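Report on one structure; see the data block that follows.
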Amino acid sequence: MNPAPTESAAPGAELPWRGTLWYVLILVVALLLFWWVCERGERLSVGAGTSSAPLTKEVVDVPHHLLATMAVVIGLGFVLGRSLRWIGQPPVIGEVLAGIVLGPSLLGAIWPAGMDFLVPGRLTDPEGRVASAVQGVASLGLVLYMFLIGLELNGARLRRQVQSVVAISHSSIVLPFILGAILALWIYPLVSDPMVSFTGFAMFLGAAMSITAFPILARILTDRRLEKTELGEIALGCAAADDVTAWCLLALVVGVVRSQVASAAWTLVLTMAFIAVMFLIVKPNLARWIRRWEDRPGSLPVSVVSLTFVGLLVSALVTHSIGIHAVFGAFLLGAIVPSDSRLARDMNATLRDPVIFLLLPAFFASTGLRTELGLVSGWENILVTCAIVIVAIAGKFLGATLACRATGGSWGLSASLGVLMNTRGLMELIVLHIGLDLGIIGPKLFAMMVIMAIVTTLMTSPLLGIIVRSFPDEPAFRRDFAES
-15 MNPAPTESAA
-5 PGAELPWRGT
5 LWYVLILVVA
15 LLLFWWVCER
25 GERLSVGAGT
35 SSAPLTKEVV
45 DVPHHLLATM
55 AVVIGLGFVL
65 GRSLRWIGQP
75 PVIGEVLAGI
85 VLGPSLLGAI
95 WPAGMDFLVP
105 GRLTDPEGRV
115 ASAVQGVASL
125 GLVLYMFLIG
135 LELNGARLRR
145 QVQSVVAISH
155 SSIVLPFILG
165 AILALWIYPL
175 VSDPMVSFTG
185 FAMFLGAAMS
195 ITAFPILARI
205 LTDRRLEKTE
215 LGEIALGCAA
225 ADDVTAWCLL
235 ALVVGVVRSQ
245 VASAAWTLVL
255 TMAFIAVMFL
265 IVKPNLARWI
275 RRWEDRPGSL
285 PVSVVSLTFV
295 GLLVSALVTH
305 SIGIHAVFGA
315 FLLGAIVPSD
325 SRLARDMNAT
335 LRDPVIFLLL
345 PAFFASTGLR
355 TELGLVSGWE
365 NILVTCAIVI
375 VAIAGKFLGA
385 TLACRATGGS
395 WGLSASLGVL
405 MNTRGLMELI
415 VLHIGLDLGI
425 IGPKLFAMMV
435 IMAIVTTLMT
445 SPLLGIIVRS
455 FPDEPAFRRD
465 FAES
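Numbering (the numbering used here), first residue to last: -15 to 468.
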């Protein structure tokens, strides 16, 4: 009788030492062979014409520094943002302060080696590759962020209150613009460069004074449960119209500053043509294309997402090639996408967290590296900074308040709008970066304007709370407005 078949054992199951011996033998032989190759190779001669540059030059590890910078900025921004939120401030202020803390204003002043570890200076990185890498990530973050801002524009809200919204919004632009231009008569000789024309300087300063940060304003209204009130509806509509107008105005300023008089006109013609193509040709075709995917189950196809990103980058590239900043193209493409469409909702949900929490911190780091608060020293510079802050606050507050009152708004509603329209936040920093990149403003004025952006944003929430408590019977603050 044949014995029952037994299961075959795995190789080396009975003699486990054989596998270990084989492994050690292979390793020893490989090491000996590699040692022999190196010994033979060291004796070889190299032709004089093929010698490379000496390897004694210090190599900057760009990914190492970039990752360290991003990790520190994100972590510190989170801590500062949470701390400021406890006192009723938007977290973005903490993120802005994180960039300034890690820049030459604080870390560079008290611990230069620490700042040099994050972003090496000119001595250790003369080509500025780490700073360029940070700026590259920041540029991508800005393009995506402005696309998200465009997606949030609600055309229906603007059409519902178009008369009062446009009047209030444009008043809150015109008055600070004119006051900024007047202020330029005093500060132009003090802080500007002779190569910058007064007209370009005054136009940019006026435009920078006119900016309102739509996302921060919306966040403040939501935190105070005012987004469904009459105040919230009007404020969001005004902020949206304000952003569209201010960015178009800034596009005009950039076109004038970057070009000579003749080519500036050509830049403006190309800009108007691009806007016309986007609204008259791209928008209706885009709406039809979006409707094809509106009711289909599941997530959006990969092709739709890919083509959306291609369109976003091409739109940004076109505006950059025309002579205005890439963020205008990104913002415009977002603005023509229907805000209530599935594409807008899905893209917003997909991009918002990575952009805000990962890419934008690179922008805050870039802002901090460019902000040198030490330049704002001496009574004259402090006086100029105070004048900038006062003019910025007065222009937006009076422009919005008086316009709202003239169109029939109550004093409580009017004063609240005046305070809310002073919110500048991240949008102001984007404008300031554009001005610094173009050479319209220098590091000193950049630092002064950053201080203005922080002060005007910090004051918004506390002042709004005071006004709301001062007018307890104000109907514009009631949350049942949207349902009535």
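Ideal Cβ placement from N, Cα and C applies to all residues, glycine included. The model shown is predicted, which means the values in this text are computed figures rather than measured ones.
- Between the stretch 368 to 378 and the stretch 81 to 90 there are fewer than three inter-stretch CB-CB distances shorter than 8 angstroms, so the stretches are not counted as touching.
- Closest in C-alpha terms to Met443, from the list Thr53, Leu68 and Ser350, comes Leu68.
- Apart from sequence neighbours up to five positions away, the residues of its chain that approach Leu301 with a beta-carbon distance below 8 angstroms are Ala310 and Gly313, ordered along the chain.
- Within the stretch 204 to 276, the complete alpha helix (DSSP H) runs of at least 4 residues fall at 214 to 242, 245 to 261 and 267 to 275.
- The residue from Gly402, Glu458 and Val415 with its alpha-carbon nearest to that of Leu126 is Val415.
- Around the CB of Glu356, 16 or more other CB atoms lie within 10 Å, so the residue is classed as buried.
- Each of Leu28, Met54, Leu11 and Gly59 was checked against the Cα of Ala117, and the nearest Cα belongs to Met54.
- Closest by C-alpha distance to Phe188, out of Met262, Ile425 and Glu214, is Ile425.
- Ser194 and Ala230 have their alpha carbons spaced roughly 7 angstroms apart.
- At a Cβ-Cβ threshold of 8 angstroms, Cys222 and Val149 count as neighbours.
- With fewer than three CB-CB distances shorter than 8 angstroms, the stretch 173 to 181 does not count as touching the stretch 207 to 223.
- Shown here, His309 sits in coil according to DSSP, grouped into three states, outside any helix or strand.
- When secondary structure is reduced to three states using DSSP, Ser89 falls in the coil class, being assigned neither helix nor strand.
- Within a 10 Å sphere around the beta-carbon of Gly392 sit fewer than 16 other beta-carbons, which makes this residue exposed.
- Between the alpha carbons of Leu90 and Ser361 lies a gap of roughly 14 angstroms.
- Scanning its chain for C-beta atoms nearer than 8 angstroms, with the 5 sequence neighbours on each side dropped, one finds around Arg389 the residues Trp395 and Ser398, in chain order.
- The three-state reading of DSSP puts Ala197 in coil, since its state is none of H, G, I, E or B.
- Looking at the backbone, the Cα of Thr292 and that of Arg329 are separated by about 13 angstroms.
- Nearest in C-alpha terms to Ala271, of all of Pro322, Ser299 and Ile306, is Pro322.
- For Asp279, there is no enclosing alpha helix (DSSP H), as DSSP gives it neither H nor E.
- Minimum Cα-Cα distance from Arg408 among the listed residues Thr385, Leu386 and Ser445 corresponds to Ser445.
- Of the candidates Ala346, Ile157 and Asn365, Ile157 places its Cα closest to the Cα of Asp227.
- Taking 4 residues as the minimum length, the alpha helix (DSSP H) runs contained wholly in the stretch 43 to 121 are 46 to 69, 75 to 85, 91 to 94 and 96 to 102, in order along the chain.
- Inter-residue distance for Ala219 and Asn332 is about 22 angstroms (C-alpha atoms, whole angstroms).
- Straight-line spacing of the CA atoms in Arg354 and Gly87 works out to 7 angstroms.
- Cβ-Cβ separation between Arg336 and Leu132: approximately 6 angstroms, consistent with a contact (criterion under 8 angstroms).
- Looking at Leu401, Ile435 and Gly61, the one whose alpha-carbon comes closest to that of Val452 is Leu401.
- When the five nearest sequence neighbours on each side are left out, the beta carbons in the same chain lying within less than 7 angstroms of the beta carbon of Gly239 are those of Ala248, Thr251, Leu252, Thr255, Gly307 and Ile308, in order along the chain.
- Looking from the CA of Ala191, the closest CA among Leu16, Leu233 and Glu364 belongs to Leu233.
- Straight through space, the alpha carbons of Gly112 and Pro104 are spaced by roughly 8 angstroms.
- The Cβ-Cβ distance between Val85 and Leu60 falls below 8 angstroms.
- Between the C-alpha atoms of Val121 and Pro456 there is a straight-line separation of about 46 angstroms.
- For Thr441, the enclosing alpha helix (DSSP H) covers residues Pro427 to Ser454.
- Taking 8 angstroms as the upper bound for CB-CB distance, Val339 and Leu128 are in contact here, some 5 angstroms apart.
- If you draw a straight line from the Cα of Lys267 to the Cα of Ala235, it comes to about 21 angstroms.
- Taking C-beta separations shorter than 6 angstroms and ignoring five residues to either side along the sequence, the partners of Leu404 in its chain run Leu201 and Ala219, following chain order.
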